[in-house]
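In the UniProt record's numbering, the protein residues as written are 527 to 804.
By construction, the Cβ of each residue, glycine as well, lies at the ideal position given by its N, Cα and C atoms.
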Ligand code: C2E
Ligand code: MG
Ligand code: MG
Ligand code: MG
């Protein structure tokens, strides 16, 4: 009896695995055509300077409007796009789309675009960024490229060379999700980032003194290295109060606004006073 039960369980497990594999295969097939079918869309989340009550920019966040499943999170499909080698084309589309959108905003408003580590293995990255700027007419100093610590884990001279080439175009480079990767401090020495984005996991624990201490240290580190510091994932007024008390005035998070479709950006800009540089 036990034996047959065991077999039954195994068969059940096998069927589950088949279903998982099939779901993954379906996702891959659908993702291969998503870009051509116009199913990818950028949402935009404001980056706010709370000292001036101003939107300083927006981060472009990719969404996939899957015909059957509805909106799929980038956390689910970007790793798949990376594995399938689709991230090169998708990343190029994101750059062009985001720069074109931002070109229509007031000049003081910047656009932040996430780059995948895989895009740095593509020798066209610098050319892709240059082309997105040229086609859109966006001033290079309005484009911020966000990279994560995993990129620098590759400890690759060519990654550093590419970062320097990008910087030469006049764009700025932000370290995203700071504090979640490995040996963050040595990376800050390897490359002079323009901005550090403190990962939301630290912000969400700001009620704990340990997190306050870490955030305080990162703010002070950023300041002494000449990098600006922004707090990600700010959801409550209490978190904002702590951050401001520590001298961090640049934030992003649901407290201000979740990521929104492109159509909503002008409304958000109007709600905050944006200093226009004439
Ligand atoms: P990220 O670059 O760190 O983006 C911030 C994420 O935090 C976004 O998730 C955003 O919706 C979420 N978020 C913002 N404010 C809050 C908040 O107050 N509370 C909470 N709980 N979450 C908040 P999203 O849009 O799901 O994107 C997830 C990640 O996917 C991004 O993390 C980024 O690593 C990646 N990603 C998104 N778009 C792109 C893209 O165009 N290219 C690449 N390579 N990666 C992208
Ligand atoms: Mg980001
Ligand atoms: Mg982040
Ligand atoms: Mg993140």
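Three or more C-beta pairs under 8 Å: does that hold for the stretch 683-698 against the stretch 662-670? yes
Alpha-carbon spacing of residue 719 relative to residue 576, whole angstroms: 22 Å
In three-state terms, what does DSSP make of residue 619? helix
If you drop the 5 nearest sequence neighbours on each side, which residues of the same chain put their C-beta closer than 8 Å to that of residue 783? 571, 572, 794
Less than 7 Å separating the beta-carbons of residue 736 and residue 706? no
Cα-Cα, which of 730, 673, 702 is closest to residue 761? 730
Using 10 angstroms around the beta-carbon of residue 733, count the other beta-carbons present and answer buried if the total reaches 16, otherwise exposed. exposed
Based on the DSSP secondary-structure assignment, which residues constitute the bridge partners of residue 580? 575
Residue 773 to residue 584 span [Cα, whole Å]: 21 Å
Which ranges does the alpha helix (DSSP H) cover as unbroken runs of at least 4 residues, wholly within the stretch 722-756, from first to last along the chain? 726-730, 735-750
Rounded to the nearest angstrom, how far is the Cβ of residue 554 from that of residue 589, given a contact under 8 Å? With 8 Å as the limit, residue 554 and residue 589 do not qualify as a contact, their Cβ atoms being about 18 Å apart.
Please report how far the alpha carbon of residue 559 lies from the alpha carbon of residue 721, in whole angstroms. 35 Å
Just tell me which of 689, 551, 652 has its CA closest to the CA of residue 610. 551
Would you say residue 723 touches ligand 3, meaning its beta carbon is less than 6 Å from a heavy atom? yes
Which residues in the same chain as residue 543 place their Cβ atom closer than 6 Å to its Cβ, once the five residues preceding and following it in sequence are excluded? none
Supposed close pair residue 653, residue 625 - CB separation, criterion 8 Å: Residue 653 to residue 625, Cβ: 14 Å. No contact.
Residue 640 Cβ short of 6 Å to ligand 1 heavy atom set: yes
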